[in-house]
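Enquirer:
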Amino acid sequence: MPPESTTPVAYDPQAVEAKWAQRWADARTNEADLDGACRPFYNLMMFPYPSAEGLHVGNLFAFTGADTYGRFKRLQGFDVFEPIGFDAFGIHSENYAIKVGVHPRELIPRNIANFRRQLMRFGGMFDWRHVVDTTDPAYYRWTQWVFLQLFKAGKAYKKPANVNWCPSCKTVLANEQVEHGLCERCGSEVAQRTLEQWFFRITDYAERLLANLSDPAKMDWSASTVMAQQNWLGRSEGAEVRFPLADGRADAITVYTTRPDTIFGATFMVLAPEHPLVDALVTDAQRAAVDAYRQAAAARDLVARRTVGDREKTGVFTGGYATNPATGAPIPVWIAEYVLMDYGTGAIMAVPAHDERDFAFAAAFGLPVTRVIAAPGTDAGTPLAEAYVGDGVLVHSGRFDGLGVEEGKRAIVGWLAERGAATPTERWRLRDWCISRQRYWGPPIPIVYCDACGAVPVPEADLPVELPNIPDFRPDDSGVSPLARHEEWYFTPCPSCGARARRETDVSDTFLDSAWYFLRYPSTDVADRPFDAARTARWLPVASYIGGNEHAVLHLLYSRFITMVLHDLGHCAFEEPFRVFRAHGLIIRDGAKMSKSRGNVIVPDEFIARWGADTFRMYLMFLGPFQEGGDFRSDGLAGPRRFLDKVWALVGDAAAEPAGEIRREVLVKQHQTRKKVAEDLEALHYNTAIAALMEFVNVLREANCHDRALVRDLVIMVAPFAPHLAEECWERLGEAGSVFGARWPAHDPAVLSAATVEVVVQVGGKTRSRVQVARDAGEAEVLAAALADEQTRRFVGDATPRKVVHVPNRLLNIVV
RNA sequence: GCCCAGGUGGCGAAACUGGCAAACGCACGAGACUCAAAAUCUCGCGUCCGCAAGGACUUGCGGGUUCGAUCCCCGCCCUGGGCACCA
1 MPPESTTPVA YDPQAVEAKW AQRWADARTN EADLDGACRP FYNLMMFPYP SAEGLHVGNL
61 FAFTGADTYG RFKRLQGFDV FEPIGFDAFG IHSENYAIKV GVHPRELIPR NIANFRRQLM
121 RFGGMFDWRH VVDTTDPAYY RWTQWVFLQL FKAGKAYKKP ANVNWCPSCK TVLANEQVEH
181 GLCERCGSEV AQRTLEQWFF RITDYAERLL ANLSDPAKMD WSASTVMAQQ NWLGRSEGAE
241 VRFPLADGRA DAITVYTTRP DTIFGATFMV LAPEHPLVDA LVTDAQRAAV DAYRQAAAAR
301 DLVARRTVGD REKTGVFTGG YATNPATGAP IPVWIAEYVL MDYGTGAIMA VPAHDERDFA
361 FAAAFGLPVT RVIAAPGTDA GTPLAEAYVG DGVLVHSGRF DGLGVEEGKR AIVGWLAERG
421 AATPTERWRL RDWCISRQRY WGPPIPIVYC DACGAVPVPE ADLPVELPNI PDFRPDDSGV
481 SPLARHEEWY FTPCPSCGAR ARRETDVSDT FLDSAWYFLR YPSTDVADRP FDAARTARWL
541 PVASYIGGNE HAVLHLLYSR FITMVLHDLG HCAFEEPFRV FRAHGLIIRD GAKMSKSRGN
601 VIVPDEFIAR WGADTFRMYL MFLGPFQEGG DFRSDGLAGP RRFLDKVWAL VGDAAAEPAG
661 EIRREVLVKQ HQTRKKVAED LEALHYNTAI AALMEFVNVL REANCHDRAL VRDLVIMVAP
721 FAPHLAEECW ERLGEAGSVF GARWPAHDPA VLSAATVEVV VQVGGKTRSR VQVARDAGEA
781 EVLAAALADE QTRRFVGDAT PRKVVHVPNR LLNIVV
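When we follow my numbering, the leftmost residue of the first sequence carries the number 1, and every step to the right adds one.
1) Where do the N-terminal and C-terminal ends of the beta strand (DSSP E) with residue 414 fall, by residue?
2) Is residue 508 helix, strand or coil when you go by DSSP?
3) For residue 119, name the three-state secondary structure that DSSP assigns.
4) Specify the secondary structure class of residue 215 as computed by DSSP and reduced to three states.
5) Counting Cβ pairs, one atom from each stretch, are 3 or more of them under 8 angstroms apart for the stretch 422–433 and the stretch 201–211?
6) According to the neighbour-count rule (16 or more other Cβ atoms, all chains shown, within 10 Å of its Cβ), is residue 285 buried or exposed?
7) Is it buried or exposed for residue 22, if we count other Cβ within 10 angstroms and need 16 for buried?
8) Between the alpha carbons of residue 695 and residue 689, how many angstroms are there, rounded?
9) Would you tell me roughly how many angstroms separate the C-alpha atoms of residue 309 and residue 372, rounded to the nearest one?
10) Based on the DSSP secondary-structure assignment, which residues constitute the bridge partners of residue 221?
11) Expressed to the nearest angstrom, what Euclidean distance is found between the alpha-carbon atoms of residue 733 and residue 743?
12) Quick check on residue 33: buried or exposed, where buried means 16 or more other Cβ atoms within 10 Å of its Cβ?
13) In terms of DSSP beta bridges, what is residue 437 paired with?
14) Can you pull the DSSP bridge partners for residue 43?
15) Considering only the alpha carbon of each residue, which of 692, 542 and 728 lies closest to residue 70?
16) Could you name the residues of the same chain whose beta carbon sits closer than 6 angstroms to that of residue 697, not counting the 5 residues immediately before and after it, in chain order?
17) Between 746, 618 and 792, which has its C-alpha nearest residue 721's C-alpha?
18) Check whether the stretch 701–715 and the stretch 659–679 touch, using three or more Cβ-Cβ pairs below 8 angstroms as the test.
19) I'd like the list of long-range same chain contacts for residue 809, defined as Cβ closer than 6 angstroms, with 5 residues on each side in sequence excluded.
20) Determine the DSSP secondary structure at residue 83, reduced to helix, strand or coil.
21) Bridge partners of residue 348, per DSSP?
22) For the candidate residues 28, 314, 501 and 248, whose alpha-carbon lies nearest to that of residue 289?
23) Between which two residues does the beta strand (DSSP E) containing residue 263 stretch?
24) With a cut-off of 8 angstroms, do at least 3 Cβ pairs link the stretch 13–27 to the stretch 485–502?
25) For residue 819 and residue 611, I'd like the C-alpha separation in whole angstroms.
26) Check this for me: beta carbons of residue 632 and residue 587, under 8 angstroms apart or not?
27) Could you pull out every residue in the same chain whose Cβ sits closer than 6 angstroms to the Cβ of residue 245, ignoring the five residues on either side in sequence?
28) With contact counted as at least three CB pairs below 8 angstroms, one residue from each stretch, are the stretch 363–370 and the stretch 222–238 in contact?
29) Bridge partners for residue 449 per DSSP, in chain order?
30) Which residue comes first and which comes last in the beta strand (DSSP E) that contains residue 629?
31) May I ask whether a heavy atom of the ligand ADP can be found less than 7 angstroms away from the beta carbon of residue 101?
32) Could you spell out where the beta strand (DSSP E) holding residue 197 opens and where it closes?
33) Within a Cβ cutoff of 7 angstroms, which residues of the same chain sit near residue 816, ignoring the five residues on either side of it in sequence?
34) Taking the DSSP output, what are the residues bridged to residue 236?
35) Would a C-beta distance cut-off of 8 angstroms place residue 164 and residue 192 closer than the cut-off?
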């Protein structure tokens, strides 16, 4: 019977994880020294929306990836600040609250409590002193302050804009609430309605937002995210061209085109139905048809109008004509929904030969098609079966015939500009940001309307404008915002003149809450400012931001915009908030997307209860490349669990046995692993880092090596992935304090450079053998070694090598 | 339609700058331990030929460049994601 002390203690993840969660809280292990840190590292992840379902595996995948990185940085000696919060305002919460009939004020705190429990359980290195909850008046007070800064700087303005309107529910609908043109709640046909709404002038910043994307001093972002933002900003170069009305009146229709080279092929024009010149153009004969078309277009909801597919082209002839400034010919002017009032000038010159949409329209209404670009070597006379949008040379374009497309653009714009008919210009796809929401669950926009003074900002000292606690938060038949129904809140003295005035009843977009939360985290304990200057200077810009590419445009662009405005107003020294951003991938399940209907949704709690948080974390990081995502398979957790069991056993043996002599290949593996895992962690290549750790463990086991120093290395390197287990192992090794007080072990390059290397020998490009040669041996030496090798000789035979390719220390290829 | 990322064993994947394809893991098979099972340990595991040594073939498909291609070029097919009547 062995003494009890040598009985191996089994690894019990539940006990270990509970113990260390408590220790971390008691010892305040995860709290950064915000005012004194010497090597500050702000490790940010996208704060979750606290849904009723709880954290899903996608959240945990992202958080584990970010947390693993933060823990690695900590082991490198950085003072890591890793905060978390809750993006709890917004239409998602409100719609869910409506659906289940529970007030969001009750629902959201309940969800947040559940999220906190789950976040604690998975073992994130969170600083729980610095939590942001966007629905807390102590936070949204400063969201309102941000609005006021933009307002005062002239970057917030009000203008009429269209919204989706359900005539039956008498309420505004978000685009997501419109399904196939019908209200998702009552099924009525959705219409457009025009309301006065607040906008931020993000378009003023388009140029800078684009330029910084390619400035490595300011931003190092995932290429896919940069690409998405570039496309969203959507800069295009072209010209505005004026087409005079054909009846001799002074007016002209101004169009925007990116293809001025095709102007000789402009055989008609199309205006958006709302275009102001339609009334001037329409003839008596066409008036009835035009009015009917405009009314039908106005009635359609926004989603349907913008949806494309293979939709048939519709439109109506106005009866009016304009003059093509290039040909001098009169061309008919039509109106059609496919031309949008809010892009370009709301009017186009239609070149059916070289634009797919114009071609479809011309085909539908029998309009003439004139080809003006021909691919080299083709017959320009053949009728087109479809629009030709490729490259070529100009034809049927007078003196410009024979020019290439790019030359043609320059020449024609120059020619038209001389006659005052064209101006080179650029356009952006980006629109101003509409932040008004005709809803309850958000921060009230801090504006008061006074009959005498107009729109007056609420004084900063009076913030927050608290969201009143009203039981009837649902939109109802009255057609008025829920907040407007409460007179005691709605009517308020004008901050300027004291007269009875009315509050703005819209709340702001959730994306405004999340467009500055990273500025608040270090300063959540500061009551009288949105963010403390010294803390901000110490911790920002964010050193690492990890999140999903679903936020590649909106959240990440709005955050950049708000930071840029605050920078210009002198509130912070930097204009880009996130120096490094990395997009992570998506998790699918058993090869398919997760969905409730498929019944393959992963409930993290169940897996953590069964396997422990460390195994779950490790599996998430192992199942595929972090930045690409991967396939979650329930039987895959066994691998990481067996690995952790082996680590646990090695620690037990190391504690029990004295160290023996360490074999050279074990030593080499140790240093290779130190190097490889550090490099992989830095690059977020977690799956291969874990594979390297597994190899290290396999080597230690095969060599029957329980050397304490090597096992200590292993524990430190496992710590970013399996923090609870690593802490327990650290303690069992007899080390003091937290493993996160240790330093990442540096590899010794001398250990890794062996005296001899194995060189692959190819004959005619096919691998035939391997030879051991001295490191950095020359070609002659390696060739001699290869030719002395029997295996190689079989393939070379008596032939004289025609050519020899030598890659030092790697490969020798003999071509015969 | 446009943009981006991919396509490699039964499965998840690896291969860093054009240089040993399949590391690591799952599943599976055989064996050891066990009364038995589980756990654990050992071995095997791309396909074909071969008792074996070994050989031939193999990274979605078809071409090309190269001494050499999963990697570069051209043309296709398929999957995932984003944008989408943006002139």
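A virtual CB, placed ideally from N, CA and C, is assigned to each residue, including glycine.
Expert: On the basis of the coordinates in this document:
1) Your numbering for residue 414 matches position 414 in the first sequence. Careful: residue 414 lies outside any beta strand (DSSP E), inside the alpha helix (DSSP H) at 405–418.
2) Residue numbering aside, residue 508 sits at position 508 when the first sequence is read from its first letter. Three-state DSSP puts residue 508 in a strand.
3) Here residue 119 refers to the residue found at position 119 when the first sequence is read from its first residue. Residue 119: helix per DSSP, three-state reduction.
4) Position 215 of the first sequence, counted from the first residue, corresponds to residue 215. Coil at residue 215, not helix or strand.
5) yes
6) As a first step, residue 285 is located in the first sequence; it is residue number 285 there, counting from the start. Exposed is the call here.
7) Here residue 22 refers to the residue found at position 22 of the first sequence. The residue is exposed, with fewer than 16 neighbouring Cβ atoms inside 10 Å.
8) Residue 695 sits at position 695 when you count from the first residue of the first sequence. Residue 689 sits at position 689 when you count from the first residue of the first sequence. If you take the alpha carbons of residue 695 and residue 689, they lie about 10 angstroms apart.
9) The count along the first sequence starts at 1 and reaches residue 309 at position 309. The count along the first sequence starts at 1 and reaches residue 372 at position 372. Low local confidence applies: a pLDDT of 46 at residue 309 is under 50, so the model's placement there is unreliable, and no value is given.
10) Numbered from its first residue, the first sequence carries residue 221 at position 221. Note: residue 221 sits in a beta bridge opposite 581.
11) Counting from 1 along the first sequence, the entry for residue 733 is found at position 733. Counting from 1 along the first sequence, the entry for residue 743 is found at position 743. Each residue's Cα considered, the two are about 16 angstroms apart.
12) Counting from 1 along the first sequence, the entry for residue 33 is found at position 33. Exposed, because fewer than 16 other Cβ atoms sit within 10 Å of the Cβ of residue 33.
13) To locate residue 437, count along the first sequence from 1; it is residue 437. For residue 437, which the question treats as bridged, DSSP gives the partners 507.
14) What you label residue 43 is simply residue 43 of the first sequence in a count that begins at 1. Partner(s): 544.
15) As a position in the first sequence, residue 70 is number 70, starting the count at 1. Nearest option by C-alpha distance: 542.
16) Start at 1 with the first residue of the first sequence, and residue 697 comes out as number 697. Result list for residue 697: 646, in chain order.
17) Stepping through the first sequence from its first residue, residue 721 is reached at position 721. When only C-alpha atoms are compared, the closest one is 618.
18) Contact between the stretch 701–715 and the stretch 659–679 is present: three or more C-beta pairs spanning the two stretches fall below 8 angstroms.
19) For the purposes of this step, residue 809 is identified with residue 809 of the first sequence, where counting begins at 1. Closer than 6 angstroms at Cβ, skipping near neighbours: 757.
20) Position 83 of the first sequence, counted from the start, is the residue given in the question as residue 83. Coil.
21) Residue mapping note: residue 348 aligns to position 348 of the first sequence, counting from 1. For residue 348, which the question treats as bridged, DSSP gives the partners 270.
22) Your numbering for residue 289 matches position 289 in the first sequence. The shortest Cα separation from residue 289 among 28, 314, 501 and 248 belongs to 314.
23) Your numbering for residue 263 matches position 263 in the first sequence. No beta strand (DSSP E) holds residue 263; DSSP gives it neither H nor E.
24) Taking one beta carbon from each stretch, the stretch 13–27 and the stretch 485–502 have fewer than 3 pairs nearer than 8 angstroms; the two do not touch.
25) For the chain, the structure presents residues 1 to 816; residue 819 sits outside this window and is missing.
26) As a working mapping, residue 632 is identified with position 632 in the first sequence. As a working mapping, residue 587 is identified with position 587 in the first sequence. A contact, by the Cβ cut-off of 8 angstroms.
27) Along the first sequence, read from residue 1 onward, the residue named residue 245 stands at position 245. Closer than 6 angstroms at the Cβ level, and outside the excluded window around residue 245, lie 251 and 322.
28) At 8 angstroms Cβ cutoff, the stretches do not touch.
29) By 1-based counting over the first sequence, the position of residue 449 is 449. Per DSSP, the beta-bridge partners of residue 449 are 455 and 502.
30) Position 629 of the first sequence, counting from 1, holds the residue named residue 629. Taken as a continuous stretch (DSSP letters only), the beta strand (DSSP E) holding residue 629 covers 629–632.
31) Because no ligand of any kind appears in the structure shown, any question about the ligand ADP cannot be addressed here.
32) In the first sequence, the residue the question calls residue 197 occupies position 197. Residues 191–200.
33) For the purposes of this step, residue 816 is taken as residue 816 along the first sequence, with counting starting at 1. Closer than 7 angstroms at Cβ, skipping near neighbours: 763, 764, 796, 799, 801 and 802.
34) The residue labelled residue 236 in the question sits at position 236 within the first sequence. According to DSSP, which records beta bridges pairwise, residue 236 is partnered with 427.
35) In the first sequence, residue 164 corresponds to position 164, counting from 1. In the first sequence, residue 192 corresponds to position 192, counting from 1. Their beta carbons are under 8 angstroms apart, which means residue 164 touches residue 192 by this criterion.
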